[in-house]
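A quick write-up on the structure given underneath.
There are 2 protein chains.
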Amino acid sequence: MYKEPPLSGDISSPSRGPQLSEQVATRLSEAIQSGEWARGERLPTEAALGQRFGISRSVVREAISMLRNAGLVTSRRGSGSFVADAPTVSLRLALPDSDLASVIEVLELRRPLEVEAARLAASRRTPSQLRRIRNAMVDIDEAVEAGLSGVEQDLAFHRAIAEAAHNAHFTAVLDFYNRFLHHAIQVTRTNESLRETFMQQVVAEHQAIVDAIAAGDAEAAAQAAARHLEHAEVRLRQAPEDLIARVQAQRPGAPE
Amino acid sequence: MYKEPPLSGDISSPSRGPQLSEQVATRLSEAIQSGEWARGERLPTEAALGQRFGISRSVVREAISMLRNAGLVTSRRGSGSFVADAPTVSLRLALPDSDLASVIEVLELRRPLEVEAARLAASRRTPSQLRRIRNAMVDIDEAVEAGLSGVEQDLAFHRAIAEAAHNAHFTAVLDFYNRFLHHAIQVTRTNESLRETFMQQVVAEHQAIVDAIAAGDAEAAAQAAARHLEHAEVRLRQAPEDLIARVQAQRPGAPE
DNA sequence: AAGCTTAATTTGTCAGACAAGATGCTAAAT
DNA sequence: ATTTAGCATCTTGTCTGACAAATTAAGCTT
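Residue numbers (the numbering used here), protein chains in the order written: chain A, 1 to 256; chain B, 1001 to 1256.
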């Protein structure tokens, strides 16, 4: 039995304006969302699609790449491209600047989340998660002793706590925003490393959070986290201007 | 004068696992987000990038295609690819289910954000923003008296508070997650409308938040918001199962 | 100096090829 | 007969080279 090709027609003739690959992506997207192919079903090969639309494989690949980025399809080498079975939604927002005001704006959002994450972690963490949090804290010290900044380890420490909260939304949002704090954390850590008292203070604050989580004391964990983040913001504001500029300059190929 | 390429190193040698184009996209993305190239600046040609990474132009194109789709760069034929003037980053996550557990997971994240937003709004709201918050509260009552559910007005009320916090990240994240709460809020509001005492309770809670924000009392605003959200969760949990199902069925094209 | 023409660049598209996995069939082994 | 090993085939990923289309810059004319 012959079945009329659902996506019919050469595409080159009508619309010449927009990008070719975009048109194809749009049509494929519509076809998928209209249920043309079921979830998890394999869609035609790139060659077949190219022939159907009368375009080259390159364009098909670009179009499918868009759909893949949009979370509508997944591709497996050697196997094919499939309609995603777990559709995703995306939050798009402007890339924050890296000046002090913008960083503090991000910190304002991060603080209540980290505090709540610590609170939840205290009452929900599994033994293995507690172990991972403790390891992350040790990793920070080791990185510092090795002469590194310890930024990655610092972020990993906070991520371990977020994971222990057993709520994927916290890790998602915090991961998302922490990407913009690399530089800011580097500044505070560099600043802290210049004063022995600051360094001890940070270690003590981390320790307090971990102790509260280990004890399962949700309120204490929340308070310890709140204290830590408030102090971190203070330490960031107190960082000398020239230090901010200097750390910024350390980034590979920053100024010209 | 020779300048060491900021993004150095052949990429093919170390990691063979993940997709090549994905690695390149990641490295370019990091470079952009770390300010490697300024906003609106042109990045190297595809050929140059290919040479720098030791890969073919196809892979560079795929990588740039990803960044373009992610809103980080824009490409102009004949001219080049540029860092987007208003670069955006996207947080992608799985579409939450609408069952009770998933809704409560979202609420867990929303609560600390709404509380902090109320706290900030109390100390930062402009007179016009206070007016808008009050109007939003009135709109809820009017919608209810008109026989509507008031879900939209309820969300608008919370959004007005978030806006008064003067931090775009709060509105962005809350807007994002509130999309998934339409149904849940409808359930609670429907449930509340069935009992006069619940209804009065909700109005009183809203009033307490607004009063604290109007008075500029940050702590009182935070506490009032926390109380409201805790009670809302309780009211959601107490909603009869059949009510949840009934409201769900009202959604356009819900069941098959 | 201003405007037009032309050449050089750069992305978009095409075409063909091979590499890297994945799938399914066939034949051998138990 | 069932399982296993090998093998042919298919599909996506990457490479290479080429041309088309659009932009940019230089040069030339006036």
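For every residue, glycine included, the Cβ atom is placed at its ideal position computed from N, Cα and C.
Beta-carbon proximity check, residue i vs residue j, cutoff 9 Å
i	j	result
ILE133/A	ILE213/A	yes
ARG110/A	TYR177/A	yes
THR1045/B	GLY1080/B	yes
GLN153/A	ALA136/A	yes
HIS182/A	GLU205/A	no
PRO1087/B	LEU100/A	no
ALA63/A	LEU28/A	yes
ALA120/A	ALA218/A	A small correction: the amino acid at residue 120/A is Leu; Ala does not occupy that position in the sequence shown. Their beta carbons are under 9 Å apart, which means LEU120/A touches ALA218/A by this criterion.
LEU1091/B	LEU93/A	yes
ASN191/A	ARG235/A	yes
ALA1221/B	ALA1122/B	yes
GLY71/A	VAL60/A	no
ARG68/A	SER75/A	yes
ILE32/A	LEU49/A	no
ALA118/A	ALA184/A	no
PHE157/A	GLU116/A	no
PHE1082/B	GLU1041/B	yes
For residue i, the first and last residue of its enclosing beta strand (DSSP E)
i	result
THR74/A	73 to 76
GLY54/A	Element bounds for GLY54/A: n/a, residue is neither H nor E.
Segment limits, alpha helix (DSSP H) that includes residue i
i	result
THR1088/B	Here THR1088/B belongs to no alpha helix (DSSP H); instead the beta strand (DSSP E) covers 1088 to 1094.
PHE1082/B	First-last for PHE1082/B: 1080 to 1083, but that is the beta strand (DSSP E), not the alpha helix (DSSP H).
SER1102/B	1100 to 1124
SER29/A	20 to 33
PHE1198/B	1196 to 1215
ASP97/A	Run containing ASP97/A: none; DSSP gives neither H nor E here.
ALA1162/B	1151 to 1164
THR45/A	Premise fails: THR45/A is in no alpha helix (DSSP H) and is neither H nor E.
ARG131/A	127 to 145
ARG227/A	218 to 238
ASN178/A	168 to 178
ALA38/A	No alpha helix (DSSP H) holds ALA38/A; DSSP gives it neither H nor E.
ALA957/B	Outside the displayed span of chain B (1001 to 1256) sits residue 957/B, for which this structure offers no information.
Under 8 Å by beta carbon: chain B residues contacting residue i
i	result
SER65/A	GLU1062, SER1065, MET1066, ASN1069
SER98/A	GLY1035
Proximal residues of chain B, C-beta to C-beta of residue i below 9 Å
i	result
GLU108/A	GLU1116, LEU1120, ALA1165, ASN1167, HIS1169, PHE1170
Per-residue burial, residue i [other beta carbons within 10 Å of its own, 16 or more giving buried]
i	result
PRO1255/B	Confidence at PRO1255/B is low in this model, with a pLDDT of 36, below 50, so the placement of that residue should be treated as unreliable; the coordinate-derived value is given next. Burial call: exposed.
PRO127/A	exposed
LEU1194/B	exposed
MET1066/B	buried
GLN19/A	exposed
THR197/A	exposed
SER8/A	Confidence in SER8/A is poor, its pLDDT being 47 and thus under 50, which makes the residue's placement unreliable; the coordinate value appears in the next sentence. Its Cβ having fewer than 16 others within 10 Å, SER8/A is exposed.
ALA1239/B	buried
ARG131/A	exposed
SER12/A	Interpretation of SER12/A is limited by its pLDDT of 42, a score under 50 that renders its predicted location unreliable; no figure is taken from the coordinates.
GLU105/A	buried
SER15/A	Low local confidence applies: a pLDDT of 39 at SER15/A is under 50, so the model's placement there is unreliable, with the coordinate-based value given in what follows. The residue in question, SER15/A, is exposed, as its Cβ has fewer than 16 Cβ neighbours within 10 Å.
LEU1148/B	exposed
GLY17/A	With a pLDDT of 44 at GLY17/A, under the threshold of 50, the modelled position of this residue cannot be trusted, and the question is left open.
GLY150/A	buried
VAL144/A	buried
ARG1179/B	exposed
GLU1142/B	exposed
ARG189/A	buried
VAL138/A	exposed
GLN207/A	exposed
GLN1200/B	exposed
ARG1125/B	buried
Residue i: contacting residues in chain A (beta-carbon distance under 7 Å)
i	result
ALA1094/B	ALA86, THR88
Under 8 Å by beta carbon: chain A residues contacting residue i
i	result
PRO1112/B	PRO112, LEU113, VAL115, GLU116
GLU1105/B	ASN167, ALA168, HIS169
* If you measure beta-carbon to beta-carbon, which residues of the segment 1163 to 1179 of chain B are closer than 7 Å to chain A? -> Taking 7 Å as the Cβ-Cβ cut-off against chain A, the residues of the segment 1163 to 1179 of chain B that qualify are ASN1167, HIS1169, PHE1170, ALA1172, VAL1173, PHE1176.
* Name, going along the chain, the residues of the segment 71 to 90 of chain A whose beta-carbon falls closer than 7 Å to a beta-carbon of chain B. => Taking a C-beta cut-off of 7 Å against chain B, the contacting residues of the segment 71 to 90 of chain A are GLY71, ALA86, PRO87, THR88, VAL89, SER90, listed in chain order.
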